[in-house]
Structure formats: structure tokens, C-alpha cells
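>
Here's what the structure looks like:
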């Protein structure tokens, strides 16, 4: 009988440990962001990308992106039946979006934009991954407006904000 209790105790301890590790790393990132010249790293879904009088503004919905063991742990916590059935997250990542509030951020004119996949030709058969392809902010704004072949608003983006404006936008590839 005691052996069976230990079988159930182990997964609980593992999840508790992962929760503590995630909390500790989140706290550390916050402290680093505050001490590094006001740098903040967020992951968002972009709802709008607009340029008005030379100033580009990105409106996004902040999400939390999990990978690997952390993704499996949060998946098991939030979707226990599915986790029990399939064991872990299907593609190695898990997205949490508990709020639908949108925030607008000014984008630096020289912001670095890095893409993984977007419509180069207007032909869906030619859609292919080009890892870490650099685009200018103007190119990205133009590509983001195209939604007929590949809708870029469906991809998450990792943004870096420095001194109140976005200086980097990196598309996260999702299979």
C-alpha cells in the first residue's frame, strides 16, 4: 500500500519542483529587465501594425510561451485529461493567453525584424520556411497587411522593448 502512495507522490513533487523553477526564472528575468537599461522581453500576438506620420505602432496581446518540460507541466495543470491521454504537449510548446487585453507599443524606426515563414510569392505552394530571415520594418508592415495566403497575425512574436519602444520583433515558428 505504501508503494502506491509513492507512485502518486513523485509526479506531484516533479510538478511542484517545475513550478518553483519557473517562478524563480520569471523573477530573475524581471530583475534582469529592470537592471539592463529598461529592457523588457515579451511574447505577443500582433493584432495591428500601423504607421502614422512616420511612427509605427504595434498593438499586441501578451501571451506566455512555454517550451519543453515547463510546457508539459503547465499543459498537465491546465488540461489534465488531454495530458493524461497524450502524455505531453504535441509540438514541444504551450501557449497561455489568460487575458484578451491589448497594448500598443511604439516601434523604433530601425527595429530589427526576424521572420521564419511568410508569403514571398503569393502562391501557397511556394510557402516555405526561411529561418531567421531579416526584414526591414517597412517590409514587415507590408507583409503583415497581406492575409490571403499566410496570415502573419496567427504567429506569436517575441518582442524586445528598450527605453519604451520595440527594438526587435522575432516571429516564433509554430508547426
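In mature numbering (1 follows the signal peptide of the UniProt record, and there is no 0), the protein residues as written are -24 to -1, 1 to 151. Think of the CB as a built atom: it goes at the ideal place given N, C-alpha and C, for glycine as much as any other residue. These numbers come from a predicted model, not from an experiment.
1. Using a Cβ-Cβ cutoff of less than 8 Å, which residues in the same chain neighbour residue 33 once the five nearest sequence positions on both sides are dropped?
2. By how many angstroms is the C-alpha of residue 61 removed from the C-alpha of residue 53?
3. In the DSSP assignment, what are the bridge partners of residue 28?
4. Just the Cα atoms here: how many angstroms apart are residue 49 and residue 132?
5. Quick one, are the C-beta atoms of residue 107 and residue 130 less than 7 Å apart?
6. Inspect the beta-carbon positions of residue 65 and residue 51 and report whether they are closer than 7 Å.
7. Under the three-state reduction of DSSP, which class applies to residue 123: helix, strand or coil?
8. Answer yes or no: do residue 19 and residue 96 have a C-beta to C-beta separation smaller than 7 Å?
9. Around the C-beta of residue 100, are 16 or more other C-beta atoms found within 10 angstroms, so that it is buried, or is it exposed?
10. Beta-carbon separation of residue 89 and residue 116 under 7 Å?
11. What's the gap between the Cα of residue 77 and the Cα of residue 112?
12. With DSSP as the reference, identify every bridge partner of residue 18, one or two as the case may be.
13. For the alpha helix (DSSP H) holding residue 50, just list the boundary residues, first then last.
14. Is the distance from the Cβ of residue 139 to the Cβ of residue 17 below 7 Å?
15. The beta strand (DSSP E) spanning residue 69 covers which residue range?
16. Among the candidates 57, 55, 86, 58, whose CA atom is the shortest distance from the CA of residue 31?
17. I'd like the list of long-range same chain contacts for residue 75, defined as Cβ closer than 8 Å, with 5 residues on each side in sequence excluded.
Well, looking at it:
1. 24, 25, 26, 27, 80, 81, 82, 83
2. 13 Å
3. 31
4. 21 Å
5. no
6. yes
7. coil
8. no
9. exposed
10. yes
11. 28 Å
12. 135
13. 44 to 54
14. no
15. 69 to 72
16. 86
17. 37, 38
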